[in-house]
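In terms of this note's numbering, the sequence shown opens at residue 35 and continues consecutively. From the three backbone atoms N, C-alpha and C, an ideal C-beta is built for every residue, glycine too. I have placed the structure first, in the form of structure tokens, so that the comments after it can refer back to it.
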Amino acid sequence: MEPVRSDTTTDRRTAVELAKRLLVDSIWRTAKIEVDGVTFPDTQEIFDGRAPEGMSVDDIVTVNNIKRAWRFLLENIDYPVDWQYIRE
35 MEPVRSDTTT DRRTAVELAK RLLVDSIWRT AKIEVDGVTF PDTQEIFDGR APEGMSVDDI
95 VTVNNIKRAW RFLLENIDYP VDWQYIRE
């Protein structure tokens with residue numbers, strides 16, 4: 035039996051598409067470390083640009099910063115990683 039060959043371009047594209055589809059879930063799971071009691075619906079609201087009722091401004095900013103970090107990673111996925119890039 036011949037080993038299955040993998041097309042790295044297709045694999046990469048699939049991985050990026052999956053990351054984009056799971057973006058809110060990834061943001062929520064990361065935010066749970068920093069924000070006590072954040073729920074998936076709260077995260078979805080913040081992702082959509084709305085502030086959940088009863089959530090502090092600091093917690094909303096934290097979730098938004100995580101969202102911005104994920105977007106930055108996805109938007110700059112083709113750039114090489116070097117010290118100048120990391121410092122951004």
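In this structure the stretch 102-114 does not lie against the stretch 84-93, because fewer than three pairs of beta carbons, one per stretch, are closer than 8 angstroms.
Contact between THR64 and ILE100 holds: CB atoms are separated by about 5 angstroms, below the 8 angstroms threshold. In the displayed model, ALA65 falls within a helix according to three-state DSSP. Within the model, the alpha-carbon separation for ILE80 versus ILE94 is close to 7 angstroms. Residues VAL58, ILE61, TRP62, ALA65 and VAL97 of the same chain have their beta carbon placed closer than 7 angstroms to that of THR77, with the five preceding and five following residues left out of the count. Separation of GLU51 and THR44 (C-alpha to C-alpha, rounded to the nearest whole angstrom) is 10 angstroms. In the displayed model, ILE111 falls within coil according to three-state DSSP, outside both helix and strand.
The straight-line gap separating the alpha-carbon atoms of ALA103 and ALA85 is approximately 19 angstroms.
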